[in-house]
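Going by the numbering used here, 118 is the number at position 118 of the sequence shown; the sequence numbering is gapless. Yeah, the Cβ is synthetic: ideal placement off N, Cα and C, and Gly gets one too.
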Amino acid sequence: MTLSLKPGLTLYFARHGQTRANVEKRFSGERDTPLTDLGLTQAAQVGHILKRELGAAEGYRFISSPLTRAVATMTIARREMGLTPGGFATDNRLKEINLGVWDQLTDVEARAQSPILFEKRGNDKWHVRVPGGENYAEVAARVSDWVRELKTDTVAVSHGATTRILRGLLAGLDWRAMSALDEPQGVVFRVSGSTVTRLDP
Numbered sequence: 001m002t003l004s005l006k007p008g009l010t011l012y013f014a015r016h017g018q019t020r021a022n023v024e025k026r027f028s029g030e031r032d033t034p035l036t037d038l039g040l041t042q043a044a045q046v047g048h049i050l051k052r053e054l055g056a057a058e059g060y061r062f063i064s065s066p067l068t069r070a071v072a073t074m075t076i077a078r079r080e081m082g083l084t085p086g087g088f089a090t091d092n093r094l095k096e097i098n099l100g101v102w103d104q105l106t107d108v109e110a111r112a113q114s115p116i117l118f119e120k121r122g123n124d125k126w127h128v129r130v131p132g133g134e135n136y137a138e139v140a141a142r143v144s145d146w147v148r149e150l151k152t153d154t155v156a157v158s159h160g161a162t163t164r165i166l167r168g169l170l171a172g173l174d175w176r177a178m179s180a181l182d183e184p185q186g187v188v189f190r191v192s193g194s195t196v197t198r199l200d201p
């Protein structure tokens, strides 16, 4: 079933800016790495887009994943909008997918550690989880809960896999199509109902 916002609500969401782990192509779940110089620029771009679209964003609630890279992105974005940098809440349901024992490993390292699991997960990310981590279904459940509870127009900052899964749910995609979606940084997505629009700088 396709996920949808309550009628009349609008959601703007973005992924955090580039991190060191992104550059090094590492699995990055709940363990944090800092934003790169490009990541700082991308966070500012998110703020510029939001200011262009929303002005002072009156009536909007701002909420972020509690992970440092998302909090930093939201803080910078709000500063660029001319808003109080810390004027937002956090919600654990917006965290990145928990990658358990693979967190901060490269593909090569993860495959070497668990070749059978690596193949099984690649063939079924919806059900298969890394030890200590989550599968796509669990992330989809918590993100869906969050969306269904929204009562006001909202701006959110989250993560690559989490926002990809959210976009997939809104579009009614299966997990393979979700997994194939891009994970852009420095852009914002606008949601009305189940319609998702990408907003570039």
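According to DSSP, is R26 part of a helix, a strand, or is it coil? Locating residue 26 in the sequence shown gives position 26, where the first residue counts as 1. Reduced to three states, the DSSP call for R26 is strand.
Spatial neighbours of G100 in its chain, beta-carbon cut-off 6 Å, leaving aside the 5 residues before and after: By 1-based counting over the sequence shown, the position of residue 100 is 100. Excluding sequence neighbours, G100 sits near V130, P131, G132 and G133.
Beta-carbon proximity of R61 to T152, cut-off 9 Å: Position 61 of the sequence shown holds residue 61. Position 152 of the sequence shown holds residue 152. For R61 and T152, yes; Cβs fall inside 9 Å.
Skipping 5 residues on each side, what residues in its chain have a beta carbon closer than 6 Å to that of T10? Within the sequence shown, the letter at position 10 stands for residue 10. Counting only Cβ-Cβ distances below 6 Å, and skipping sequence neighbours, we find D153 and S192.
Do S179 and S65 count as a contact pair if the criterion is CB distance below 9 Å? Here residue 65 corresponds to residue number 65 of the sequence shown, with the count starting at 1. Here residue 179 corresponds to residue number 179 of the sequence shown, with the count starting at 1. For S65 and S179, no; Cβs fall outside 9 Å.
Rounding to the nearest angstrom, what Cα-Cα distance links G55 and R148 in this structure? The residue labelled residue 55 in the question sits at position 55 within the sequence shown. The residue labelled residue 148 in the question sits at position 148 within the sequence shown. Rounded to whole angstroms, G55 to R148 spans 26 Å at the Cα level.
Using alpha carbons as the reference points, say which of V196, S194 and V188 lies closest to E53. For the purposes of this step, residue 53 is identified with residue 53 of the sequence shown, where counting begins at 1. Residue V188 is the option with its Cα nearest to E53.
Let me know if K125 comes out buried or exposed under the rule of 16 or more other beta-carbons within 10 Å of its beta-carbon. If you number the sequence shown from 1, residue 125 lands on position 125. Its Cβ being crowded by 16 or more others within 10 Å, K125 is buried.
Looking at the structure shown, is V130 part of a helix, part of a strand, or coil, going by DSSP? Within the sequence shown, residue 130 is the residue found at index 130, counting from 1. Three-state DSSP puts V130 in coil, outside helix and strand.
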